[in-house]
Structures are given as C-alpha cells and as structure tokens.
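Sequential numbering of the sequence shown, starting at 2, is according to this note's numbering.
Data first, discussion second: the structure below is written as structure tokens.
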Amino acid sequence: MTVVQVSVVIPCYNSLQFLGATLDAVLAQELTPSLQNQFEVILVDDGGSDDLSGWVQQRGDDRVRVVRQENAGVSAARNLGIASAKGAFVAFCDSDDMWNPRAMAELYSCFDADPRIGLAYGFYEVVDAAGESTGRIRKSDIQGEVWEQFLSVNPVGASGVMVRREVFDQVGVFAENRDRFRVDVEDWELWIRIAAVWRVGLTPTVVVRYRRHEGNSSTDLDSLDAAYRNMVDVVFADVDPKRAALRPLTTGKIAMILAWQSLNDAQDPQRAAVYLGEAAASAPELRRTAEFWRLRTAAAALSLAGSRGYQVLRSANGLKLKLKLKHKLSQ
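Set out below in structure tokens:
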C-alpha cells in the first residue's frame with residue numbers, strides 16, 4: 002500500500018474555469034524519490050452546481066479524489082480536506098492558482114531543517130486572469146519564531162503553504178464563522194495561531210502563481226475591512242498583557258493594508274487617506290516608516306493622475322520613489 006506523505010487540498014466551488022490548469026500544475030510536480038507517487042489531491046466540492054466528480058472521473062487519475070459538502074465556505078472546505086487527508090503533511094492550493102513545478106518539493110524540504118517547524122511557505126507571483134505575469138512577486142524573509150511579525154503582516158499565500166498534520170491537532174483548524182469573516186482572512190488568523198506555538202519555515206523561491214480576477218473575494222474592500230477588524234478581535238481576545246500591547250500596531254498595519262487595497266483595487270485615494278489617518282492614530286511610529294510615505298505618495302499620484310495614469314505609474318514601477326528625508330526611515 003502506498004504511503005501518502007503529502008495531501009494537497011483544493012477547495013472548489015463551480016471552479017472548472019481554472020481548475021484544469023490548477024490540477025495539471027499539481028500533478029506535474031518535479032518530485033524527489035521520497036515524494037514520488039506519495040501524494041494525493043483532495044478536491045473539496047463546496048456544494049457547487051458543476052459536475053466536479055464526473056469531471057474528475059473523465060480525467061482518470063487515481064491520485065485525485067473528490068469529497069463533497071453542502072455549501073459552507075472555503076474555510077469549511079479546507080477543514081473537510083484536512084479531516085479527509087491521509088498525509089503527514091497538508092498543503093493547500095486554491096482552485097484558480099497554479100503551483101510552480103517544484104513547489105511541493107521545496108515546501109516539503111523545509112521540514113527537514115527543523116522538527117519544530119510546523120508551517121512552511123514560499124514566495125508567490127501575481128498573474129492576471131489569463132495567467133500572464135503582472136510583474137508583481139510577493140517576497141518575504143520572515144521565518145523562525147515569528148508570532149509578533151505575523152500580527153502585522155501575512156506573508157503566507159494560502160496557495161503556497163504546507164502544514165505538518167499534527168499542528169492542526171494542537172492549534173485547531175480554519176475558523177468557520179462566516180458572519181465574522183465575510184471574506185477569506187481566516188487563513189491569516191490560523192497562521193498566527195500556528196506561529197504562537199511552532200516555528201515557520203521559508204523556501205526563498207516562487208512556489209505559486211496567484212491569479213487575480215473579478216471572482217477573487219479579496220477585491221471586496223468593505224468585506225475585507227470588516228473581516229480584518231474581526232480578525233484582530235479574535236487574535237487578541239485571550240492573550241497575555243505583553244502580547245495585548247501589540248494590538249495598536251497590528252490595527253495600524255491593517256489600516257495600511259486597507260489603504261493599499263483602496264488605491265490598487267478600489268481606486269479611491271480619499272478612502273486611502275482615511276486609512277492612513279487611522280494607521281497614524283493607532284500607531285504613531287508608523288509615520289516614520291518608508292511604507293507610510295509610499296502610501297501617501299501613491300494616494301497623491303492617484304488623485305493627480307487619475308486611474309489610468311496611476312496604473313501606468315504602477316506598471317512602470319513609478320511609485321518606487323527615492324524619498325529624501327531628513328531622518329532615516331525604518332520599515
């Protein structure tokens with residue numbers, strides 16, 4: 002009987018438009034001998050109306066199986082995938098994203114370095130709906146004992162992460178409260194819980210291409226605002242006083258995230274300015290960071306140049322300005 006080392010969980014909801022490319026990328030992984038033929042793919046049908054099971058049967062690959070639930074959202078789908086997993090490690094990929102050829106091997110290798118690593122992740126590249134690169138790559142150097150860093154930034158893409166199976170037994174799974182999390186920030190909240198107990202590993206390479214398109218829930222700014230604030234409430238609901246003191250900085254950092262969303266997705270410089278004001282009020286030290294001033298410059302550029310001009314500036318990296326300030330700015 003084949004031993005399953007890695008279970009790849011892909012939540013699906015009427016996902017056939019992009020799922021073929023997603024699944025092809027997972028099944029075509031370049032694997033080491035220790036992983037060859039020792040992984041499974043679990044497609045979790047979240048109550049969709051497409052014939053996902055029939056589609057999988059037509060493909061005829063016994064490494065892929067389907068489990069189904071009534072529609073309950075992506076977190077519940079991921080949790081069903083975890084419960085159904087046979088592997089010692091569980092990796093996640095959304096149904097519209099695409100792993101790079103060595104994603105599984107790179108993530109899996111992180112756990113060899115330290116048995117205290119509970120989660121491993123890598124960089125991700127943003128592509129458009131057609132799968133063409135936008136030129137944006139999300140990189141990070143965050144690894145090790147990183148709970149405090151995870152409070153203010155989420156470097157972990159939900160499609161480029163692998164978790165040791167026993168971690169879920171210790172810290173729990175994805176939160177499923179759809180009233181509190183109207184969009185998908187439950188992954189960040191889980192990473193924070195994991196980082197409070199386990200170390201985090203990083204492979205410094207692009208492991209996934211993250212597809213941006215109109216169906217992405219993360220483009221809904223109002224829902225993102227509510228979800229992020231609810232996440233802060235959840236994270237700080239029961240922590241010691243030392244950790245609770247970090248809440249203003251976390252609130253300020255999230256306001257800056259929302260400011261970027263206001264500019265890049267909503268094209269709303271006035272709303273971005275409101276979020277910047279909130280960031281400065283919550284954590285005045287953020288005013289001394291380079292990112293704060295980049296945001297102010299970007300908001301001014303959008304106001305002056307309009308949406309089309311702003312997009313031209315972004316494409317040309319025109320917002321990577323060399324700011325000459327009297328004091329050294331620290332990130």
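Built from N, CA and C at the ideal position, the CB exists for glycine as well.
Check	Outcome
DSSP-derived helix/strand/coil call for Ser153	helix
Stretch-stretch touch, CB-based, cutoff 8 angstroms, three pairs: the region 103 to 114 with the region 72 to 86	no
Simplified DSSP state of Gly145, which is helix, strand or coil	strand
Euclidean distance between Cα positions of Gln150 and Ala130	31 angstroms
Span of the beta strand (DSSP E), counted from its first residue to its last, around Val208	Arg200 to Arg212
Cβ pair Glu41, Val5 closer than 8 angstroms	yes
C-beta atoms of Arg44 and Val65 nearer than 8 angstroms	Sequence check: residue 44 is Leu here, not Arg. Closer than 8 angstroms, so yes.
Touch test, the region 52 to 63 against the region 126 to 144, Cβ-Cβ under 8 angstroms, three pairs minimum	no
Residues near Glu146 by beta carbon distance below 7 angstroms, same chain, minus five either side	Arg200
Minimum C-alpha distance to Val68 - residue among Trp100, Val9 and Asn38	Val9
Buried/exposed call for Thr252, threshold 16 Cβ in 10 Å	buried
Residue burial classification, Thr204 (beta-carbon count within 10 angstroms, cutoff 16)	buried
Check whether Phe293 and Ala280 have beta carbons under 8 angstroms apart	yes
Buried versus exposed call for Glu286 [16 or more other C-beta atoms within 10 Å across all chains shown]	exposed
Close Cβ partners of Ile118 (< 8 angstroms) along its chain, the five nearest in sequence each way excluded	Cys111, Phe112, Arg165, Trp199, Arg200, Val201 and Gly202
Nonlocal neighbours in the same chain, by C-beta distance under 6 angstroms from Leu152, ignoring five residues either side	Leu247 and Thr251
CB-CB length for Leu277 against Arg297, believed under 8 angstroms	7 angstroms
Phe175, DSSP secondary structure in three states	coil
Closest Cα partner of Leu120 within the set Ile143, Glu215 and Ala267	Ile143
Cβ distance (whole Å) where Val168 is taken to contact Cys94 below 8 angstroms	That pair is no contact at about 18 angstroms.
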